[in-house]
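In my numbering, the protein residues as written are 120 to 306.
By construction, the Cβ of each residue, glycine as well, lies at the ideal position given by its N, Cα and C atoms.
Since we're looking at a predicted model, the values are computed, not measured.
Worksheet for the structure shown next.
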Amino acid sequence: TLGHETAGEVAAIGPKARGVKVGQKRLIHPWIGCGKCEVCRSGNENICLTPRCLGVHVAGGYSDYILVPHPRFLLDIGKMPPEEAAPYACSGVTTYSALKKVGKRLQTHPVVIIGAGLSGMYQLHRLRELGLSVRVFEAGTGVGGTWYWNRYPGARFDSESWSYGFSFSEELLEEDRKSTRLNSSHV
Numbered sequence: 120t121l122g123h124e125t126a127g128e129v130a131a132i133g134p135k136a137r138g139v140k141v142g143q144k145r146l147i148h149p150w151i152g153c154g155k156c157e158v159c160r161s162g163n164e165n166i167c168l169t170p171r172c173l174g175v176h177v178a179g180g181y182s183d184y185i186l187v188p189h190p191r192f193l194l195d196i197g198k199m200p201p202e203e204a205a206p207y208a209c210s211g212v213t214t215y216s217a218l219k220k221v222g223k224r225l226q227t228h229p230v231v232i233i234g235a236g237l238s239g240m241y242q243l244h245r246l247r248e249l250g251l252s253v254r255v256f257e258a259g260t261g262v263g264g265t266w267y268w269n270r271y272p273g274a275r276f277d278s279e280s281w282s283y284g285f286s287f288s289e290e291l292l293e294e295d296r297k298s299t300r301l302n303s304s305h306v
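Take a look at the structure:
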């Protein structure tokens, strides 16, 4: 089944699982590799040639339950509601990974974000919170990204839930609610 952006409650654990307990709320990191090849063993499971990504290669978030192969893929979300945490499994991890690679250069060089879709807007929001110099370049005439400009006119995201989109910013979420370009009949 589909569903790579998933967070929820741990329903059961295996006998070797450590660091997680039944009933805890966790975000599931979906970009899982085979765990056996040299790429996986070097810590780069996200680029494994025989991936086991949840919701893509194996059952994901639209299943009744998800089998997660190791507790390291379960991230503590604290008191954050699971429906708010779920998008971080994709857009959050994608943008965070890029920033991690850039490292300390973020403090001394301006940041350029290509694309004003969900991931680009999320990253813009986070970098501005850090007080960094940021520019966004978008091929379209406004925000929206691929889903808005190329795939489903009127839809900003690949989800039926408008709250999915800008859940990282109450201000953006409210602005998007008021937008005439996006309403529930378009999603």
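Nearest-angstrom beta carbon gap, residue j and residue i [assumed within contact, 8 Å]
i	j	result
Gly-122	Gly-211	The Cβ separation is near 16 Å, so there is no contact.
Lys-144	Gly-127	7 Å
Arg-247	Pro-229	Not a contact, Cβ separation roughly 12 Å.
Thr-125	Leu-173	7 Å
Ala-130	Tyr-184	6 Å
Arg-171	Cys-153	6 Å
Met-240	Val-262	6 Å
Start-to-end residues for the alpha helix (DSSP H) that takes in residue i
i	result
Leu-168	Where Leu-168 is concerned, there is no enclosing alpha helix (DSSP H), given that its DSSP letter is neither H nor E.
Gly-127	Looking at the DSSP string, Gly-127 is not in any alpha helix (DSSP H); the run it does join, the beta strand (DSSP E), is 125–128.
Val-158	157–160
Leu-225	224–227
Ala-204	201–204
Selection from the options that minimises the alpha carbon distance to residue i
i	options	result
Ser-216	Pro-201, Gly-162, Ala-178 and Glu-248	Gly-162
Leu-251	Tyr-207, Thr-227, Pro-206 and Val-262	Thr-227
Lys-223	Ala-208, Leu-249, Gly-154 and Val-262	Leu-249
Val-139	Asp-195, Glu-289 and Tyr-241	Asp-195
Val-187	Lys-135, Tyr-241 and Cys-156	Lys-135
Leu-225	Leu-237, Gln-242, Ser-182 and Glu-293	Gln-242
Gly-142	Leu-237, Leu-218 and Gly-197	Gly-197
Glu-289	Ser-182, Glu-203 and Ser-238	Glu-203
Leu-218	Cys-167, Arg-245, Glu-293 and Ala-208	Arg-245
Cys-209	Ile-166, Leu-237 and Lys-155	Leu-237
Span of the beta strand (DSSP E), counted from its first residue to its last, around residue i
i	result
Lys-144	144–147
Leu-251	No beta strand (DSSP E) contains Leu-251, which DSSP labels as neither H nor E.
Leu-121	Looking at the DSSP string, Leu-121 is not in any beta strand (DSSP E), and its letter there is neither H nor E.
Below-7 Å beta-carbon distance, residue i vs any chain D residue
i	result
Leu-173	No chain D appears in this structure, which consists of one protein chain only.
Those residues which DSSP pairs with residue i across a bridge
i	result
Leu-243	Leu-243 is not bridged to any residue.
Ile-232	Val-255
Leu-194	Leu-146
Val-326	Residue 326 cannot be examined here, being either before or after the span of the chain that is shown, 120 to 306.
Val-177	Leu-173
The ligand ADP heavy atom lying under 6 Å from the CB of residue i
i	result
Gly-259	The model on display carries no ligand, and the ligand ADP is accordingly not part of it.
*Determine contact between the segment 141–149 and the segment 178–197, defined as no fewer than three beta-carbon pairs at a distance below 8 Å.*
yes
*asked:* With three or more C-beta pairs closer than 8 Å as the rule, is the segment 229–236 touching the segment 170–179?
replied: no
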